[in-house]
Amino acid sequence: MKLLSLVSILIFSTLSGSAQSVLEYPFETKHADLQNGATVSYIEAGSGDQTLILIHGLGSYLPAWSMNIDELSQHFKVIALDLPGYGQSSKDTEQHTIPFFAESVEQLMNELQIERTSLIGHSMGGQIALYISAHSPEKIEKLVLSAPAGFEQFTEQHKAAFAATVSPEAIAAATDSMIAQNMNVNFVEFPESAQFIIDDRIALKQSEDFDDYARAQSESVFAMLNEPVWDLLSEIEQPTLVIYGNQDALIPNRYLNPQLTTKTVAEAGVERMPNADLQMIDQAGHFVHFEQAEIFNQAVIEFLNN
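Following this line, the structure appears as structure tokens:
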């Protein structure tokens with residue numbers, strides 16, 4: 082598989098026309114104007130003593146948690162947001178970096194008067210959650226990392242390979258069949274319940290802010306490369322549950338790190354963390370929280386309640 086395909090597998094969203102006018106979520110969506118200039122969309126569900134914020138991955142959006150929100154909100158107060166550049170959130174921000182995304186999550190916490198929370202981060206969202214936990218440990222109770230980025234390391238040569246293939250123009254040029262193929266690789270067996278993700282990404286090509294969308298995706302790839310969290314892992318003392326699918330086809334990058342396996346990447350990251358446990362789930366790909374939602378949700382509930 083070509084490098085661009087590997088990078089673009091998670092590049093999807095939904096919009097047609099303007100983001101907020103036509104994007105339909107199966108949740109009541111709210112919006113918050115942040116101090117950094119971004120406007121983020123989010124949803125709130127459930128109640129309870131514990132608050133749980135869900136942070137999506139590269140090119141994703143809050144509906145990607147649709148298999149998790151209902152169950153988790155039976156036990157916790159759940160907040161899921163669209164990061165700036167994604168979903169219904171504003172796409173005219175000048176930067177898309179890990180510190181900026183982390184700042185956006187923390188500023189949303191301030192807006193909602195949340196002093197302390199647990200985080201679930203998927204893929205790039207996991208790297209963002211790790212960054213927040215290392216830099217603002219007083220705000221984070223526990224961590225759940227779903228197929229997190231940040232455990233796999235990349236060299237300068239690897240970064241050059243990404244630079245040669247990843248650009249807004251390349252992302253914008255993806256055909257409908259490429260979009261479908263790229264999404265399918267996130268799963269061991271693509272479920273019909275995820276078809277909306279492909280449909281939304283195809284519809285996105287007709288949106289008014291498609292160029293901003295493509296720029297956000299491209300910049301997000303380099304955000305992960307340019308803000309590694311490997312050296313921060315030993316500083317993260319919060320109880321952490323790391324979950325990967327045994328059949329994850331994205332981590333490790335099969336093109337750049339063919340000698341690695343998902344399990345070796347996962348174990349290397351967990352070993353550096355002083356208070357982390359690893360759970361590998363079979364018959365699950367990169368979208369482990371979606372493909373094996375029942376197992377994932379139960380693991381999260383047990384972890385957060387202990």
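For the sequence shown, our numbering begins at 82 and goes up steadily by one. All C-beta atoms in this analysis are idealised placements derived from N, C-alpha and C, irrespective of residue type, glycine included.
For residue i, write down the residues that DSSP places opposite it in a beta bridge.
i: M46; result: Residue 46 lies beyond the range of the chain shown here (82 to 387); nothing can be said about it.
i: E270; result: Answer is none; E270 lacks a bridge partner.
i: T198; result: I221
i: E125; result: I160
i: I136; result: L162, G202
i: K111; result: Y123
i: S227; result: H203, I324
Taking its Cβ as the centre, do 16 or more other Cβ atoms sit within 10 Å of residue i, making it buried, or is it exposed?
i: N334; result: buried
i: H177; result: buried
i: Q298; result: buried
i: R197; result: exposed
i: H112; result: exposed
i: S258; result: exposed
i: P144; result: buried
i: Q287; result: exposed
i: P272; result: exposed
i: Q355; result: What sits at residue 355 in the sequence shown is Pro, not Gln. The residue is exposed, with fewer than 16 neighbouring Cβ atoms inside 10 Å.
i: Q373; result: buried
i: E187; result: buried
i: K344; result: exposed
i: E300; result: buried
i: F377; result: buried
i: D329; result: buried
Considering only the beta carbon of each residue, do residue i and residue j sit closer than 9 Å?
i: I362; j: E152; result: no
i: S170; j: T132; result: no
i: F232; j: F371; result: no
i: V310; j: A347; result: no
i: I160; j: I134; result: yes
i: F303; j: V247; result: yes
i: F243; j: L193; result: no
i: A228; j: G207; result: yes
i: I279; j: I252; result: no
i: T110; j: L226; result: no
i: N327; j: A365; result: yes
i: S204; j: L115; result: no
i: A275; j: F368; result: yes
i: D292; j: P249; result: yes
Open item on the list: If contact is defined by three or more beta carbon pairs under 8 Å, each pair taking one atom from either stretch, is the segment 312 to 329 in contact with the segment 196 to 213?
Closed with: Yes, the segment 196 to 213 touches the segment 312 to 329.
Open item on the list: With a threshold of 8 Å, are at least 3 pairs of Cβ atoms found where one atom belongs to the segment 331 to 350 and the other to the segment 154 to 168?
Closed with: Because the criterion of three Cβ pairs below 8 Å is not met, the segment 331 to 350 and the segment 154 to 168 do not touch.
TODO: Determine, using beta-carbon pairs with one atom in the segment 237 to 247 and one in the segment 275 to 288, whether at least three such pairs fall under 8 Å.
DONE: Counting Cβ pairs under 8 Å, fewer than three are found: no touch.
- [ ] Inspect the CB distances between the segment 181 to 199 and the segment 213 to 224 and report whether three or more fall short of 8 Å.
- [x] With the cut-off at 8 Å, the segment 181 to 199 and the segment 213 to 224 touch.
TODO: Please list the segments of the alpha helix (DSSP H) lying wholly inside the segment 276 to 318, counting only runs of 4 or more residues, in order along the chain.
DONE: Listed in chain order, they are 276 to 285, 291 to 307.
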